[in-house]
Structures are given as structure tokens and as C-alpha cells.
Amino acid sequence: MFPMTLLWIIIFTTDLFAETIRITNGEWEPFLSNYSYQYGLNSHMVTEAFKLEGIEVEWGFFPWKRANEYAKEATDWDASCCWWPDDETKKEFLVSDAITETSFVFYHLKSYEFHWQSMQDLKGMKIGGTTTYDYGKAFMDAIATEYFTVDFTSKDEFNYKKLLAGRIQIFPNDPSVGDAQIRNYLSPDEANLLTHSPKEFGRSTLHLIMSKDHKRNQYFLDKFNSGLKKLKASGRFQQMLEDLKAGKYDKKKFIFEE
6 MFPMTLLWII IFTTDLFAET IRITNGEWEP FLSNYSYQYG LNSHMVTEAF KLEGIEVEWG
66 FFPWKRANEY AKEATDWDAS CCWWPDDETK KEFLVSDAIT ETSFVFYHLK SYEFHWQSMQ
126 DLKGMKIGGT TTYDYGKAFM DAIATEYFTV DFTSKDEFNY KKLLAGRIQI FPNDPSVGDA
186 QIRNYLSPDE ANLLTHSPKE FGRSTLHLIM SKDHKRNQYF LDKFNSGLKK LKASGRFQQM
246 LEDLKAGKYD KKKFIFEE
């Protein structure tokens, strides 16, 4: 009996003192969502990368501005997932290796013939956008210089409704995000009315960010980067990308089918 008792003590003690990192998150399905399978593709990748290094993840979902602020304060939360590596982010945070790539395309009605080559082609158009989103330097610079104006709303799904109603002509979003949202928020008949342009813009990468003021964050960053490399080398990373294409990380699929 003694060896078995000792074994259970070792297991209990190991679990009790397992390392945990607390990470803020937000809503950008299917990459990140409190309502998606494994909290979305990127959240799943982060969890698995840390798991390979013996670290557990505790997630907290907040509005994006608050998620960023909590990670910056580094009091109750250690990091935030996931962000583009712009100059301001690099100045304030430790930034991990790239997890996945993102880009933007313009969604529009199939009945609306839309072709574009540069931001100049968008002048005078009715464009929708979602508040707090960064659509890449070229697009945001065009807004700042008032080259064109954008009708902003609080949620992506409102912009699809505005497209259908003819209130806007185009709306930028990542194609994986946009396609998942259209599947979830619109009826099949409504979804069939929308498409997106093949031309991309604002290509970037998504990263885990950690406050530079937190003493242990360089340790966590090194562990994460190591685990991410192992995950990509294992083949599981590629399988997750295939699962994304199959809709496994869609909100609706997780809520109603899991």
C-alpha cells in the first residue's frame, strides 16, 4: 500500500504546483472566442503550445481594450492573445513568435460588381467598419487623412446586415473570420447573396503579448515560443488549420453540436 499511497501523493503534489499562466482574450471568431471549440483556433494553439512545456492556461474574455489594459497592468493577468505586432505593441509588450497569419478582403453583394487595385479606388464608396479594429496601415492611414470615410458600428454582424440592406457597399474582414460569421449570423439565403474580393490587403500575423514589467514574462515567452515550435513540427498545428477550414472552430458548430 505504501508505494501506491506515495504515488498518489506525488501526482497530487505535482498537480497542485503545476505552473499556470493567465491570459486575456476577446471575440474574433473563429480565431478567438469564448463560444468556440477550445476558445477558437489561436487560443487552442496557445493552450497546446504551453501544454507541451508543462504550463496550464487560464483564459479570461473581455472587450479588446480591457484585455489589452489588463495584460499591460500585469497584476491579475500575465498575457493577452492575440495581437498584431505594430510599433505601439512592440514598445509596450514582449511579443511572441507568430502564431498564424491574417489578412483582409472586402465583402460585398454578389450583385455589386466590385474591383479594386489601390485605396484610391475606394474614394467615394460607402464602406463599413467595426470599432476598435485595426485594418492595416494603408487602410487606417486613408481614414486618418479623410481620403474616404467609414461608417463604423460596434459588431461585425451589423455590417453584413448593412451590406444586405444596401447601406454600405463594402466591408473589410479577414476571410476566415468573415466566412465563419456569415455562416453563423445569416440565413443560407442571405449568406448566398454575399461574397468577397480575391485581392487581399493588410496582411499581418497574430501574436501572444506579455507586459515587459512582469518579472516572469520573459520565462513564459521563451516557454511559449519553444512549445509553438514543437507544435508546428508535430503535425498537429497543420491539422488545426484544416479543422478551421472545416468549420470546427465556428461558434454555432460548437454551441449546437458539441
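By the count of this note's numbering, the sequence shown reaches residue 263 at its end, each step adding exactly one. Cβ coordinates follow ideal geometry from the N, Cα and C atoms, glycine included.
1) Bridge partners for SER216 per DSSP, in chain order?
2) Is it the case that the stretch 244-252 contacts the stretch 116-130, given that we only count it when at least three CB pairs across the two stretches are under 8 Å?
3) Would you mind listing the alpha helix (DSSP H) stretches within the stretch 13-96 that are 4+ residues and don't spill past its ends, in chain order?
4) Quick check on LYS96: buried or exposed, where buried means 16 or more other Cβ atoms within 10 Å of its Cβ?
5) Excluding the 5 residues preceding and the 5 following ALA23 in the sequence, name in chain order all residues of the same chain whose CB lies nearer than 7 Å to its CB.
6) Suppose you measure from the CA of TYR254 to the CA of GLU34; what does that come to, to the nearest Å?
7) For TYR224, which residues from the same chain have a beta carbon less than 8 Å from its beta carbon, with the 5 sequence-adjacent residues on both sides left out?
8) Just list the residues that DSSP pairs HIS201 with in beta bridges.
9) Are the stretch 149-164 and the stretch 77-89 touching, with three or more C-beta to C-beta distances below 8 Å?
10) If contacts are defined as beta-carbon pairs under 8 Å, then HIS212 and TRP88 qualify, I think. What distance do you get, rounded to the angstrom?
11) For GLU263, collect the residues of the same chain with a Cβ closer than 6 Å to its Cβ; drop the 5 residues on either side in sequence, then sort them by chain order.
12) For THR148, which of helix, strand or coil comes out of DSSP?
13) Could you round the C-beta distance between MET215 and LEU233 to whole angstroms and report it? I think they count as a contact, below 8 Å.
14) Using DSSP's beta-bridge definition, name the partner residues of ASN178.
15) With 16 as the cutoff for other CB atoms within 10 Å, does ASP92 come out buried or exposed?
Inspection of the coordinates gives the following:
1) In the DSSP assignment, SER216 forms a beta bridge with PHE98.
2) Flag = no, the stretch 116-130 and the stretch 244-252 do not touch.
3) If we require 4 residues or more, the alpha helix (DSSP H) runs fully inside the stretch 13-96 come out as 46-56 and 69-78.
4) With fewer than 16 other Cβ atoms within 10 Å, it is exposed.
5) Around ALA23, the same chain offers GLU61 as residues with beta carbons nearer than 7 Å, after the five sequence neighbours per side are excluded.
6) Inter-residue distance for TYR254 and GLU34 is about 8 Å (C-alpha atoms, whole angstroms).
7) There are no such residues.
8) The partner list for HIS201 (beta bridge, DSSP) reads TYR112.
9) Short answer: they don't touch.
10) Going by Cβ atoms, the distance from HIS212 to TRP88 rounds to 6 Å, so yes, they are a contact pair.
11) For GLU263, the pLDDT reaches just 41, beneath the cut-off of 50, and the residue's location in the model is therefore unreliable, although a value from the coordinates is still provided. Around GLU263: no qualifying Cβ.
12) Residue identity check: residue 148 is Ile in the sequence provided, not Thr. Reduced to three states, the DSSP call for ILE148 is helix.
13) Going by Cβ atoms, the distance from MET215 to LEU233 rounds to 14 Å, so no, they are not a contact pair.
14) Paired residue(s): VAL110.
15) Its Cβ having fewer than 16 others within 10 Å, ASP92 is exposed.
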